Amino acid sequence: SQLVDVICLHVVRSMFGCAASAQVKTSRETKGEFLSVAMAFCVGLMSAMYLCGGVSGAHLNPAVSLSFCIIGRLSWKKLLPYSISQVLGAYLGSAVAFLLYYDAIMDYNQGKLTVTGPNETASIFVTYPSEYLSLQGSFLDQVIGTATLLLCILPLDEKRNNPAPAGLLPVIVAAVVLGISLSMSSNCGAAINPARDFGPRLFTLTAGWGTEVFTCYNYWFWVPLVAPTLGAIVGTCIYLVFIQWHLPDPEAEPDTRITDILETKPCGMKPVPMEKKGTEGFNRKASKEKEERL
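Residue numbering for the sequence shown follows the working numbering, starting at 72 and increasing by one per position.
Take a look at the structure:
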């Protein structure tokens with residue numbers, strides 16, 4: 072059931088994002104723009120987390136699943152099944168978006184499914200590097216983007232830090248992904264997720280775009296697979312070394328310094344219970360009133 076849940080998660084997210092990309096592309100940006108695609112992916116992510124988070128923990132990214140394995144939040148034996156399910160879910164989500172916009176995609180380039188050129192449509196589903204970008208630059212881009220993602224989401228449910236309310240986790244994660252998309256997607260699309268890129272790439276291979284989806288740009292397809300994985304390791308290590316290992320021990324004794332200060336008495340004075348002090352004052356006042364009456 073958890074694997075089915077993971078598949079459903081990626082179907083929802085990929086369907087939202089790829090459908091928005093198809094709408095923007097085929098309308099030649101008359102019905103949306105870059106921000107539309109970024110927000111649609113994030114709304115899909117948020118909706119998927121609310122929909123299925125209680126079953127599998129909302130695993131949408133193999134890089135994040137790897138990070139959770141490293142810090143002990145996920146069993147290592149679940150990493151491969153989860154990753155395969157995420158890729159399959161992204162594949163199916165792309166297929167739904169393709170069927171939804173099939174007529175528009177075919178009309179956009181007179182029925183030709185091309186990977187490059189002014190009327191290409193492969194970028195509706197997968198990421199490609201900008202023309203100015205070097206291989207080293209694109210690899211670094213994905214490492215930094217994924218490391219940033221992990222640094223931002225790992226503390227969200229850390230009870231020893233300042234955890235976010237459980238009901239707001241999907242909103243916050245979606246906002247983090249939106250921020251990364253708005254600031255780090257110019258180079259090569261901010262995939263930061265091996266399944267998000269590889270699943271739709273497999274779909275474009277089987278749907279008619281051909282093997283060029285893997286061979287174009289000097290076989291660039293491996294960058295969104297390898298670089299986010301390395302970025303997840305980098306981000307997790309930074310979080311462990313500089314944040315998690317410095318958080319207070321949950322089993323440590325509470326700090327009693329304030330209590331000690333409040334209980335400290337001036338030197339040479341014998342503390343008198345408040346009840347006794349109050350009784351003595353009352354007795355002296357009663358005796359004085361009795362003498363005045365006499």
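All C-beta atoms, glycine included, are put in the ideal place defined by N, C-alpha and C. Since the structure is predicted, the reported quantities are computational estimates derived from the model, not experimental observations.
### Query
Is it the case that the Cβ atoms of C259 and D212 are separated by a distance below 8 Å?
As a position in the sequence shown, residue 259 is number 188, starting the count at 1. As a position in the sequence shown, residue 212 is number 141, starting the count at 1. Their beta carbons are under 8 Å apart, which means C259 touches D212 by this criterion.
### Query
Using the C-alpha atoms, what's the distance from C79 back to S154?
For the purposes of this step, residue 154 is taken as residue 83 along the sequence shown, with counting starting at 1. For the purposes of this step, residue 79 is taken as residue 8 along the sequence shown, with counting starting at 1. Separation of S154 and C79 (C-alpha to C-alpha, rounded to the nearest whole angstrom) is 13 Å.
### Query
Among the residues of its own chain, which have a CB less than 7 Å from the CB of N180, if the five just before and after it don't count?
If you number the sequence shown from 1, residue 180 lands on position 109. So the list reads N190, T192, once near-sequence residues are dropped.
### Query
In chain order, what residues of the same chain lie with their CB nearer than 6 Å to the CB of M120, ignoring the 5 residues before and after it?
Residue numbering aside, residue 120 sits at position 49 when the sequence shown is read from its first letter. The answer, listed in chain order, is A129, P241.
### Task
With a 10 Å radius around its C-beta and 16 neighbouring C-beta atoms as the bar for buried, classify L225 as buried or exposed.
The residue labelled residue 225 in the question sits at position 154 within the sequence shown. So L225 ends up on the buried side.
### Query
Between V135, I142, S92, L151, which lies nearest to L74 when the distance is taken from Cα to Cα?
Position 3 of the sequence shown, counted from the start, is the residue given in the question as residue 74. Measuring from the Cα of L74, the nearest candidate turns out to be L151.
#### Entry: Cβ-based burial, T187 [other Cβ within 10 Å; buried from 16]
Within the sequence shown, numbered from 1, the residue matching residue 187 stands at position 116. Burial call: exposed.
#### Entry: Under the three-state DSSP convention, the category V242 falls into
Walking along the sequence shown from the start, residue 242 turns up at place 171. Here V242 sits in helix by DSSP.
### T198 versus L253: straight-line alpha-carbon distance, rounded
Position 127 of the sequence shown holds residue 198. Position 182 of the sequence shown holds residue 253. Straight-line Cα distance between these residues: approximately 15 Å.
### Extent of the continuous alpha helix (DSSP H) run through S136
If you number the sequence shown from 1, residue 136 lands on position 65. Per DSSP, S136 belongs to the alpha helix (DSSP H) from 133-142.
### Task
Whole angstroms is fine: what's the gap from C287's alpha carbon to I176's?
The residue given as residue 287 occupies position 216 in the sequence shown. The residue given as residue 176 occupies position 105 in the sequence shown. Distance between C287 and I176, taken at the CA atoms: about 20 Å.
#### Entry: Proximal residues to L122 (C-beta, below 8 Å), its chain only, five neighbours per side dropped
Along the sequence shown, read from residue 1 onward, the residue named residue 122 stands at position 51. These residues qualify, in order along the chain: C79, L80, V83.
### Task
Ignoring anything shorter than 4 residues or poking outside the stretch 275-312, list the alpha helix (DSSP H) runs there in chain order.
283-290
### Task
Round the Cβ separation of G302 and G216 to the nearest angstrom and send it over; I've been treating them as touching at under 8 Å.
Translated into the one-based positions of the sequence shown, residue 302 becomes position 231. Translated into the one-based positions of the sequence shown, residue 216 becomes position 145. Confirmed, Cβ separation roughly 7 Å.
### Message
Tell me the residue span of the alpha helix (DSSP H) that contains H81.
### Response
Position 10 of the sequence shown, counted from the start, is the residue given in the question as residue 81. It spans 73-97 - the alpha helix (DSSP H) in which H81 sits, taken as one unbroken run.
### 8 Å contact criterion, which F87 and F112 should meet: CB distance rounded
Numbered from 1 along the sequence shown, position 16 holds the residue referred to as residue 87. Numbered from 1 along the sequence shown, position 41 holds the residue referred to as residue 112. Rounded, the Cβ-Cβ distance is 6 Å, consistent with contact.
### Delimiting residues of the alpha helix (DSSP H) encompassing S107
If you number the sequence shown from 1, residue 107 lands on position 36. Counting along the chain, the alpha helix (DSSP H) containing S107 begins and ends at 105-127.
### Query
At a cut of 8 Å, does the stretch 266-282 reach the stretch 305-312 through at least three beta carbon pairs?
no
### Message
So, for F169: in the same chain, excluding its five sequence neighbours on each side, which residues have a beta-carbon less than 8 Å away from its beta-carbon?
### Response
One-based indexing of the sequence shown puts residue 169 at position 98. These residues qualify, in order along the chain: C89, A93, I176, F196, F274, A278.
### C223: first and last residue of the uninterrupted alpha helix (DSSP H) it sits in
The residue given as residue 223 occupies position 152 in the sequence shown. Looking at the DSSP string, the run of the alpha helix (DSSP H) that includes C223 is 206-224.
### Task
Look at S85 and G164 and say whether their C-beta atoms are less than 8 Å apart.
Here the question's residue 85 lines up with position 14 in the sequence shown. Here the question's residue 164 lines up with position 93 in the sequence shown. In contact: S85 and G164 (Cβ atoms closer than 8 Å).
### Query
When DSSP labels each residue in this structure, what does H317 get in the three-state scheme?
Position 246 of the sequence shown holds residue 317. Helix at H317.
### Task
May I have the straight-line CA-CA distance separating K148 from V214, to the nearest angstrom?
Against the sequence shown, residue 148 aligns to sequence position 77. Against the sequence shown, residue 214 aligns to sequence position 143. If you take the alpha carbons of K148 and V214, they lie about 25 Å apart.
### Query
When we look at the beta-carbon of K336 and count the other beta-carbons within 10 Å, is it buried (16 or more) or exposed?
As a first step, residue 336 must be located in the sequence shown, where it is residue number 265. Interpretation of K336 is limited by its pLDDT of 45, a score under 50 that renders its predicted location unreliable; the figure taken from the coordinates is listed afterwards. The residue is exposed, with fewer than 16 neighbouring Cβ atoms inside 10 Å.
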